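Chemist: My questions will all concern the structure given below.
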Amino acid sequence: MTISHITTTQFDSNVGSSVRDYVELLKPRVMSLVVFSGLVGLIVAPGHIHPLLGFVTILSIALSAGGSAAVNMWYDRDIDAIMLRTRTRPLPQGRIEPQAALEFGSTLIFLSVVLMALVVGWLAAGLLAFASLFYIYVYTIWLKRRTPQNIVIGGAAGAFPPVIAWAAVTGSIGLPAVILFLIIFFWTPPHFWALALYRNEDYRRAGVPMMPVIAGARRTKIEMLVYTLILFPLSLAPAFTNMGGIVYLAGATALSSLFIVCAVRVMFDDTHKSARQMFGYSIFYLFALLTLLLVEHALQVWA
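In the working numbering, the protein residues as written are 1018 to 1320.
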């Protein structure tokens, strides 16, 4: 093996690692749910959007979500280094410089908003910009380290994608879009608090005032159950608009009932097993609920 071959091999490896690290900054697993919810809003919205404009809408939502995640990682790099769940991220490990992460995230957000404004429309672009700024300034910088209600208020940022997509299609914000927003908004606390329950020591060590840290496990479990109960009628609401029908109603009833069952099980479980299961189910729940809307829409189109 020649010296030049060794150097080239090492260079290729470093480049590959760098690309993976930048992809990790985007929080791709979180982004997938964000993009999917935006796609559902795009498809079920009344009216028609040109496929190219639809693609630009989803691309802009993805870029904005990824950029916001990168800025979030830049700001939280100190506590990420303390928490077991996050200490292997690129910034705590020193694989990406903080300034590079901030510039990367800010550029993605800027490009996403400009692209949306120029190609799709100013209302959708304004909502996209607001969601990104809300996530960065309201949730990440202001609330996350100050109040156990951080995820309740800050979670609103993650509920905007279907509203943004709806605005891209219709040029307005209709009641069905607000319903989609409320479903994701009220889904977020029980979803995230389930994680916080079994990662409680992580948050305590990092000084992040998550609900289990400040209010204790029992109070957190009660609030998780309350949110799942509020979510139940909200999850059924699309069946009474032009978004859904009997198929959606039946599926949403079953899915939301199981979500409540998960919360009840967490209430009476002193271990972390039920909380882990509820966290996993909560991700499936939202994906499945949104998929039902797509199924219902397809049935309406084919009817």
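A virtual CB, placed ideally from N, CA and C, is assigned to each residue, including glycine. It should be emphasised that the depicted structure is a prediction, and the values quoted were computed from it without experimental measurement.
So, do the stretch 1050 to 1062 and the stretch 1089 to 1097 have three or more beta carbon pairs nearer to each other than 8 Å?
Modeler: The stretch 1050 to 1062 is not in contact with the stretch 1089 to 1097.
Chemist: Who are the near neighbours of P1109 in its chain, counting only those whose CB is closer than 8 Å to its CB and skipping five residues on each side?
Modeler: Within the sequence shown, the letter at position 92 stands for residue 1109. Cβ within range, chain order: R1094, D1097, A1098, T1103.
Chemist: In chain order, which alpha helix (DSSP H) runs of at least 4 residues are fully inside the stretch 1036 to 1124?
Modeler: The stretch 1036 to 1124 contains these whole alpha helix (DSSP H) runs: 1045 to 1061, 1068 to 1092, 1094 to 1097.
Chemist: How about F1121 and A1082: do their beta carbons lie closer than 9 Å?
Modeler: Taking the sequence shown and counting its residues from 1, one reaches residue 1121 at position 104. Taking the sequence shown and counting its residues from 1, one reaches residue 1082 at position 65. No, the pair does not count as a contact, with Cβ atoms beyond the cut-off.
Chemist: Can you grab the Cα-Cα spacing for the pair F1127 / Y1092, in whole Å?
Modeler: Along the sequence shown, one-based indexing puts residue 1127 at 110. Along the sequence shown, one-based indexing puts residue 1092 at 75. Roughly 18 Å separates the two Cα atoms.
Chemist: Name the residue from L1050, L1199, G1297 whose alpha carbon lies nearest to the alpha carbon of S1252.
Modeler: On the sequence shown, residue 1252 is found 235 positions in, with the first residue counted as 1. The shortest C-alpha separation from S1252 is found at L1199.
Chemist: Would you identify the three-state DSSP class for Q1294, choosing helix, strand or coil?
Modeler: Position 277 of the sequence shown, counted from the start, is the residue given in the question as residue 1294. DSSP places Q1294 in helix when its eight states are reduced to three.
Chemist: Identify whether S1149 lies in helix, strand or coil by the three-state DSSP scheme.
Modeler: Reading the sequence shown from its first residue, position 132 is the one you call residue 1149. If DSSP states are grouped into helix, strand and coil, S1149 belongs with the helices.
Chemist: Measuring only the C-alpha atoms, how far is L1246 from Q1294?
Modeler: As a first step, residue 1246 is located in the sequence shown; it is residue number 229 there, counting from the start. As a first step, residue 1294 is located in the sequence shown; it is residue number 277 there, counting from the start. Going by the C-alpha atoms only, they are around 18 Å apart.
Chemist: Drop a sphere of 10 angstroms on the beta-carbon of T1105, count the other beta-carbons inside from all chains shown, and report buried for 16 or more, exposed for fewer.
Modeler: Here residue 1105 refers to the residue found at position 88 of the sequence shown. By the neighbour-count rule (16 or more Cβ atoms within 10 Å), T1105 is not buried but exposed.
Chemist: With a cut-off of 8 Å, do at least 3 Cβ pairs link the stretch 1211 to 1223 to the stretch 1169 to 1186?
Modeler: Taking 8 Å as the limit for Cβ pairs, the verdict is that the stretch 1169 to 1186 does not touch the stretch 1211 to 1223.
Chemist: So for G1233, helix, strand or coil by DSSP?
Modeler: If you number the sequence shown from 1, residue 1233 lands on position 216. Three-state result, G1233: coil.
Chemist: Whole angstroms are fine: how far does the CA of L1119 sit from the CA of M1133?
Modeler: Counting from 1 along the sequence shown, the entry for residue 1133 is found at position 116. Counting from 1 along the sequence shown, the entry for residue 1119 is found at position 102. Cα to Cα, M1133 sits roughly 21 Å from L1119.
Chemist: Smallest Cα separation from L1042: which of P1115, P1179, L1212?
Modeler: What you label residue 1042 is simply residue 25 of the sequence shown in a count that begins at 1. Selected option, being the one with the closest Cα: P1115.
Chemist: What three-state label does DSSP hand V1225 in the structure shown?
Modeler: Translated into the one-based positions of the sequence shown, residue 1225 becomes position 208. V1225: coil per DSSP, three-state reduction.
Chemist: Here's a check: name, in chain order, each residue in its chain whose Cβ is nearer than 7 Å to the Cβ of G1191, leaving out the five neighbours to either side.
Modeler: Translated into positions along the sequence shown, residue 1191 becomes position 174. Taken in chain order, the residues that qualify are W1183.
Chemist: By alpha-carbon positions, which one of D1038, W1319, G1071 ends up nearest to L1056?
Modeler: Counted from its first residue, the sequence shown places residue 1056 at position 39. Of the candidates D1038, W1319, G1071, the one whose C-alpha sits nearest the C-alpha of L1056 is G1071.
Chemist: Helix, strand or coil, according to DSSP, for I1190 in the structure here?
Modeler: Stepping through the sequence shown from its first residue, residue 1190 is reached at position 173. Correct three-state label for I1190: coil.
Chemist: In chain order, which continuous runs of the alpha helix (DSSP H) of length 4 or greater are located wholly inside the stretch 1139 to 1184?
Modeler: Within the stretch 1139 to 1184, the complete alpha helix (DSSP H) runs of at least 4 residues are 1139 to 1150, 1167 to 1171.
Chemist: Taking the beta carbon of Y1154 as the centre, do at least 16 other beta carbons fall within 10 Å, making it buried, or is it exposed?
Modeler: If you number the sequence shown from 1, residue 1154 lands on position 137. That one is exposed.
Chemist: Measure the C-alpha to C-alpha separation of S1030 and L1125 and round it to an integer number of angstroms.
Modeler: Residue 1030 sits at position 13 when you count from the first residue of the sequence shown. Residue 1125 sits at position 108 when you count from the first residue of the sequence shown. In this prediction, S1030 has a pLDDT of 38, which is less than 50 and means its spatial position is unreliable; what the coordinates show is noted afterwards. When rounded, the distance between both Cα atoms is 25 Å.
Chemist: From W1204 to L1069, what distance separates their C-alpha atoms?
Modeler: As a first step, residue 1204 must be located in the sequence shown, where it is residue number 187. As a first step, residue 1069 must be located in the sequence shown, where it is residue number 52. Going by the C-alpha atoms only, they are around 31 Å apart.
Chemist: Taking 9 Å as the cut-off, decide whether the C-beta atoms of A1280 and M1241 are in contact.
Modeler: To locate residue 1280, count along the sequence shown from 1; it is residue 263. To locate residue 1241, count along the sequence shown from 1; it is residue 224. Yes, these two residues count as a Cβ contact at 9 Å.
Chemist: Tell me the residue span of the alpha helix (DSSP H) that contains T1270.
Modeler: Numbered from its first residue, the sequence shown carries residue 1270 at position 253. Segment 1263 to 1284, the alpha helix (DSSP H) holding T1270.
Chemist: For H1067, count neighbouring Cβ atoms within 10 angstroms of its own Cβ and tell me buried if that reaches 16, exposed if not.
Modeler: Reading the sequence shown from its first residue, position 50 is the one you call residue 1067. When all chains shown are included, H1067 counts as exposed.
Chemist: Spatial neighbours of H1314 within its chain, please: C-beta separation below 8 Å, excluding the five flanking residues on both sides.
Modeler: Along the sequence shown, one-based indexing puts residue 1314 at 297. So the list reads I1060, V1061, M1260, once near-sequence residues are dropped.
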